[in-house]
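Before any comments, here is the structure.
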Amino acid sequence: MKHRGRHRRRRRGRALRASLAGTALALTAAATLISTSQAAGGGTPGALSSITSAGELRALQLRETLTDKAGLRTLTDEMGGGVGLDEVLGSANHAMRAEADCFSTEKDNLPVEPAAARAYCWEPGDAVDDRWVPRSVTTSRNNRVIASGWSHSGAADEGLARVAFVDASDPSNLRYRWVLLVVPTVGERGFEGLRARLGGMAWYEDKLIVTARGPRSRGGQDDSLYVFDLARFLRADVTDSEAIGRSGDGWSAHHYRYALPAVASYTPPTGGGCDPRDDDGVPCLGSLSLDRTSTPPSVVASERSRPGGERPGRVWRYALDFTADRTGLLTTTGRRSDVVATEAYETEASGVGGVLAHQGKWYVDQAAEERESRGTLWRQDKDGAEAAKCADGADEKPGVRSYGCWGRHTASLSYSPETDEVWTLTDPIPERVLYAVKLSDVDGTLD
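All the letters of the sequence shown, read from the start, carry residue numbers -39 to -1, 1 to 408 under mature numbering (1 follows the signal peptide of the UniProt record, and there is no 0).
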């Protein structure tokens, strides 16, 4: 009850501050009008608020389940041995379009301030395929490979998840290959497709970590983290079948040549699902990204929330293990392999589509309440929040300057320190674009 009371007091305080600010602006008759709708990018979410109570932190705990190593080795051997990422990239059979070749509807979703350093669009068949929806993005350490997670929304293959591994070694000629995400199973079948809506993605060493929203259960939605081994792609020898797993005398991955098996999963220890309406319970996992500047390196996560909602959202981090046999897995404690959040905050930004942390600063991608409006990329810490301001008319409202300067329909954030690029992507048809913005430009345009 104290927790909910604090939320109500905070909202009353925000309302009073907003009222006083509005009065001051009216009295001074400022030449530049400022939008008062936070959802449209006008009002700031303020400072991050630390979560310190044991009960609230307990809601962020996860429990680790490892894939049986012996079973995975047997599966890999039966499929002819695992292959590396180089083989997958070497067989890339789809081409990205450069920004100049993107549709105008795609380019219209690029940010206004700061401008994108580079942008690409998917092959036309993927750009307009309404059965698959792009959800997440991450990059390799050297930024030569980009991974983008997509989820299936059609009835027949509901929830299947695939990843586009993009060879970005030549910035003028990006090519990609689709890989199906799978979960090893006990029995002759060998593996099944991961059926979950992807949300966020992080790449650390040879591990790919994704957030996955499962089907609704009696206790809510079953959200998990899955870890995949990038040194163990499985090659399917049956590519003309929709089957997943053993197919006759061979192996099939739903028409894909490669499948990537999960080596670990993390779920709430309570066994119940999350509920997006409950701000005191298990959060529904949203975005995920890697922070190399923390000690040890960590993944930061955000809670899914509705754009324009009043309920504070949560952002937090889990430490990554770096011991020889556990590199890329989450750090666990105790006999039951529990994972605890090492840092957690509340943010007043609603509709968080992506989050990343770098050198103690948190960058939060807030969606606009109105679907066709631009979002806002906030830089938040415990002292306050800042974001770029659009030039007059940039948000299609002449005479108004607002914080709604980020791209439209964005999902997921990923930072590559070698090139200083923040990557993100958009999801609707026909407005799908993958782009990067320099983090130094983001910081340089803050108001």
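Backbone N, C-alpha and C define an ideal beta-carbon position, used for all residues, glycine too.
Computed from a predicted structure; not experimentally measured.
Beta bridge counterpart(s) of residue i as assigned by DSSP
i      : result
Leu142 : Leu221
Glu264 : Leu246
Trp83  : Paired residue(s): none; Trp83 is not in a bridge.
Trp111 : Pro95, Arg123
Phe64  : Answer by DSSP bridge pairing: none, since Phe64 is not bridged.
Arg136 : Ala56, Asp128
Straight-line gap, residue i to residue j (C-alpha atoms, nearest Å)
i      : j      : result
Met40  : Ala223 : 16 Å
Arg79  : Glu203 : 36 Å
Tyr137 : Ala15  : 45 Å
Cys235 : Asp184 : 7 Å
Val140 : Ala173 : 16 Å
Ala20  : His319 : 24 Å
Arg158 : Gly270 : 22 Å
Ala88  : Cys63  : 10 Å
Asp404 : Lys350 : 12 Å
Trp164 : Ser334 : 30 Å
Arg278 : Leu33  : 29 Å
Tyr187 : Asp29  : 14 Å
Asp326 : Ser248 : 10 Å
Glu153 : Ile205 : 6 Å
Asp90  : Glu60  : 20 Å
Ala197 : Leu246 : 31 Å
Arg92  : Ser133 : 28 Å
Gln82  : Arg332 : A small fix is needed here, since residue 82 is Cys in this sequence, not Gln. Those two C-alpha atoms are separated by around 21 Å.
Val300 : Tyr324 : 24 Å
Gly242 : Asp38  : 43 Å
Pro257 : Glu392 : 37 Å
Gly4   : Ser363 : 9 Å
Val147 : Leu155 : 15 Å
Ser298 : Gly86  : 43 Å
Asp286 : Glu330 : 45 Å
Leu135 : Asp239 : 42 Å
Thr288 : Ala192 : 12 Å
Pro244 : Val398 : 29 Å
Lys68  : Ala31  : 48 Å
Val276 : Gly51  : 37 Å
C-beta atoms of residue i and residue j nearer than 8 Å
i      : j      : result
Gly161 : Ser97  : yes
Ala348 : Leu338 : yes
Pro237 : Arg265 : yes
Asp131 : Ala53  : no
Ala8   : Gly365 : no
Phe126 : Leu46  : yes
Arg150 : Arg207 : yes
Trp384 : Ile107 : yes
Thr308 : Gly274 : yes
Thr100 : Ser377 : yes
Leu374 : Leu317 : yes
Pro95  : Ser109 : yes
Ser112 : Lys343 : no
Asp388 : Leu400 : no
Pro6   : Ala305 : no
Asp167 : Asp190 : yes
His215 : Leu121 : yes
Arg272 : Gly312 : no
Thr228 : Leu23  : yes
Thr371 : Gly295 : no
Leu386 : Arg340 : no
Beta-carbon contacts of residue i that lie in its chain and below 6 Å, excluding the five residues immediately before and after
i      : result
Arg105 : Ala129, Ser130
Thr292 : Ala280, Asp282
Glu379 : Asn103, Asn104
Thr26  : Ser226
Ser213 : Ala197, Val199, Ser202, Ala204
Glu119 : none
Arg58  : Cys82
Ile390 : Val89, Asp91
Gly175 : Ala157, Asp183
Thr13  : none
Residues of its chain near residue i, where Cβ-Cβ distance is below 7 Å and the 5 sequence neighbours each way are ignored
i     : result
Leu71 : Ala77, Ala80, Gly368, Val394, Tyr396
Interface flag, residue i vs chain B, CB-CB below 8 Å
i      : result
Phe126 : The chain inventory of the structure shown lacks chain B, comprising one protein chain alone.
Close Cβ partners of residue i (< 8 Å) along its chain, the five nearest in sequence each way excluded
i      : result
Phe194 : Gly43, Val44, Gly45, Leu46, Glu48, Val49, Val140, Tyr219, Ala220, Leu221
Gly321 : Thr254, Asp342
Leu36  : Pro145, Gly151, Phe152, Leu195, Pro222
Tyr217 : Arg123, Trp139, Val140, Leu141, Ala197, Thr200
Asp402 : Pro75, Ala76, Ala78
Nearest-angstrom beta carbon gap, residue j and residue i [assumed within contact, 8 Å]
i      : j     : result
Ala302 : Leu18 : 6 Å
Glu84  : His55 : 5 Å
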